[in-house]
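For the sequence shown, position 83 (counting from the first letter as 1) is numbered 161 according to this note's numbering, and the numbering increases by one without interruption. To start, the structure itself, in structure tokens.
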Amino acid sequence: MAISALSVPRHVAIVMDGNGRWAKKRFLPRIAGHKQGVDALSACVKACMVRGVAVLTVFAFSSENWNRPSDEVSGLMDLLILALAKQVPSLNTNGVQLHFVGDRRRLSKKVQVGLVQAESSTAANQRLIFNVCFNYGGRWDIAQAAQKLADRGESITEQSMDQAMALAHVPDPDLLIRTGGELRISNFMLWQAAYSELYFSERLWPEFGAADLDEAIAAYSARERRFGLTSAQLGEPNSPFPAKRLPDA
Ligand code: IPE
Ligand code: IPE
Ligand code: MG
79 MAISALSVPR HVAIVMDGNG RWAKKRFLPR IAGHKQGVDA LSACVKACMV RGVAVLTVFA
139 FSSENWNRPS DEVSGLMDLL ILALAKQVPS LNTNGVQLHF VGDRRRLSKK VQVGLVQAES
199 STAANQRLIF NVCFNYGGRW DIAQAAQKLA DRGESITEQS MDQAMALAHV PDPDLLIRTG
259 GELRISNFML WQAAYSELYF SERLWPEFGA ADLDEAIAAY SARERRFGLT SAQLGEPNSP
319 FPAKRLPDA
């Protein structure tokens, strides 16, 4: 099927899993897998832009990943700094607006400064919104949003929570991909993935390429998103749905 015949998800979210296994298969240290994962991510950003995806959100480091061996954790922090230095100029050239989503308080001052600089230097770009979830957990986001509302004395509704979430600047993901073969969410976008289409790939993240993305988009395109309605209510099978939520009845 030609790519133009497909319905392209507005927001793609990815759990980039399998770096460690990719390295292990090659008798390399785990951090070599993470390095290769950065290259796969850079290619994925470009592929998303070419395909007309408006928002890409990736899971790079979870609230739970702190419990890994300390050399892997510090290697990942170093890699983040290196990746920013290497990738931000080309993100700027390509019109990518970068956001880091997660609890920054546990990150080193150096990392925190790097994140702020990368965000501010790409803030005016409009072609693709690229969210990197780092020290992120879906439960963290729900809890911090509820705490924010409680502190302001505001009532907790779905709408006020939506606006208080760390991902409030983007619509909910249409397509949520997990690479690496595991069939779980691992605390990613618990609130926002309520109606996302899920796609699980056996491919390890460092090997996930444009052809794999196309397969995921083709699978998405063949799904019928019903948002709780019946099939008959939807009319055209490929009719566009609001990605965020259905309009009020
Ligand atoms: C995902 O790859 C990247 C991070 C969690 C930082 P993994 O490191 O989890 O790779 P596997 O699952 O061990 O292969
Ligand atoms: C999820 O992968 C987190 C990221 C990809 C950053 P994990 O490898 O941490 O997930 P589990 O431990 O297999 O559930
Ligand atoms: Mg993993």
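Each residue gets a CB set at the ideal place from its N, CA and C atoms; glycine is no exception. These figures come from a predicted structure and were not determined experimentally.
| Given residue 126, which residues of its chain have a CB within under 8 Å of its CB, disregarding the five upstream and five downstream residues? | Cβ within range, chain order: 90, 134, 206, 291.
| request: Compare the C-alpha of residue 218 against each of 257, 166, 180 and name the closest. | output: For residue 218, the nearest C-alpha among the options comes from 180.
| field | the stretch 241–249 / the stretch 172–187 touching (three or more Cβ pairs under 8 Å) | value | yes
| query | Per DSSP, residue 214 is paired with what? | reply | Answer is 140, bridged to residue 214.
| Per-residue burial, residue 234 [other beta carbons within 10 Å of its own, 16 or more giving buried] | exposed
| message | Could you check if residue 137 belongs to the surroundings of ligand 2, using beta carbon to heavy atom distance under 7 Å? | response | yes
| Where residue 121 and residue 191 are concerned, what is the direct C-alpha to C-alpha distance, given to the nearest angstrom? | 25 Å
| request: State the beta-bridge partners of residue 275 as determined by DSSP. | output: 253
| Which residues in the same chain have their Cβ closer than 6 Å to the Cβ of residue 294, if we skip the five residues on either side of it in sequence? | 255, 277
| For residue 135, three-class secondary structure by DSSP | strand
| request: In the DSSP assignment, find the alpha helix (DSSP H) that holds residue 121 and state where it starts and stops. | output: Counting along the chain, the alpha helix (DSSP H) containing residue 121 begins and ends at 108–129.
| task | Please classify residue 59: does DSSP put it in a helix, a strand, or coil? | result | Outside the shown range of the chain, which is 79 to 327, sits residue 59, and nothing can be said about it.
| said: Please classify residue 221 as buried or exposed, where buried requires at least 16 neighbouring CB atoms within 10 angstroms. | reply: exposed
| 3 or more residues per run - each beta strand (DSSP E) lying fully within the stretch 147–184 | Within the stretch 147–184, the complete beta strand (DSSP E) runs of at least 3 residues are 174–179.
| request: For the stretch 200–216 and the stretch 137–146, state whether three or more C-beta atom pairs, one from each stretch, are separated by less than 8 Å. | output: yes
| field | Nearest to residue 193 (by Cα), restricted to the options 99, 160, 229, 116 | value | 160
| said: At a cut-off of 7 Å, would you count residue 262 as near ligand 2, judging by its Cβ distance to the nearest heavy atom? | reply: yes
| field | Reference residue 92; option with closest CA among 200, 225, 107, 264 | value | Of the listed residues, the one whose Cα sits closest to residue 92 is 264.
| message | Less than 8 Å between the beta carbons of residue 250 and residue 272, yes or no? | response | yes
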